[in-house]
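First comes the structure, then the notes that go with it.
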Amino acid sequence: SAHEFPNAYDKVSHLSPRAVWVPVERPQDVNADAFKDAVRLLTDWGCAHVLLKDYVKSAKADAQRFMKVEVGPDLAELACEFVAVRGRRFNRGVVFKEWVPFEHYTTRAGIVTNEWRLFFGRGELLHAVPNSHQDAACDAVPDEMLAAAARAAS
1 SAHEFPNAYD KVSHLSPRAV WVPVERPQDV NADAFKDAVR LLTDWGCAHV LLKDYVKSAK
61 ADAQRFMKVE VGPDLAELAC EFVAVRGRRF NRGVVFKEWV PFEHYTTRAG IVTNEWRLFF
121 GRGELLHAVP NSHQDAACDA VPDEMLAAAA RAAS
């Protein structure tokens, strides 16, 4: 389904940082060897840092250390740790998404990034909801991204 990053990536890749993912069939048995090829590819790209997420979510609520991870000799082990931290909430595989700096906004709730949830039904955008800490100072989702997300959802 389109809510899994690998299934949507082709449709949004021109708007997204580079990414590579590794399916994990048995999270309880995952080991660093499963991620060696992905780490090698990231190194070949010259990628300095990645964000680790599963096919659906990041672990920002659990551990900020996975939000910007150095591409280096410990990355495969950190991917295993990420799987363990996500626990029962882990979804199907690990995505290594090239880290890029986010734009930050100062709001009544403090400093936030511009993050939106897009809800689709039968390929149509039903609702675009900003992060609960955002206010009117944050930019709306660009039309190009909405169109790409709609293509991915259809």
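The opening residue of the sequence shown carries number 1 in full-length UniProt numbering; numbering runs sequentially from there. Cβ coordinates follow ideal geometry from the N, Cα and C atoms, glycine included. Keep in mind it's a predicted model, so treat the numbers as computed, not measured.
Per DSSP, reduced to three states, the secondary structure at residue 45 is helical.
Residue pairing by DSSP places residue 93 opposite 23 in a beta bridge. By the criterion of at least three beta-carbon pairs nearer than 8 Å, the region 44-59 is in contact with the region 88-100. Scanning 154, 148 and 37 for the CA closest to the CA of residue 13 turns up 148.
Look at the region 57-143 and you find these whole runs of alpha helix (DSSP H), each 4 residues long or longer: 75-86. With fewer than 16 other Cβ atoms inside 10 Å of its own Cβ, residue 119 counts as exposed. The region 63-70 and the region 129-141 do not touch, with fewer than three beta-carbon pairs separated by less than 8 Å. Inclusion of residue 38 and residue 24 in the CB contact set at 8 Å is not warranted, their separation being larger than that value.
Of the candidates 18, 76 and 26, 76 places its Cα closest to the Cα of residue 40.
Residue 50 carries a strand assignment under DSSP once its states are collapsed to helix, strand and coil.
Judged by DSSP in its simplified three-state form, residue 31 adopts coil rather than helix or strand. In terms of Cα proximity to residue 140, the closest of 114, 33 and 16 is 114. No Cβ-Cβ contact shorter than 8 Å links residue 116 with residue 51.
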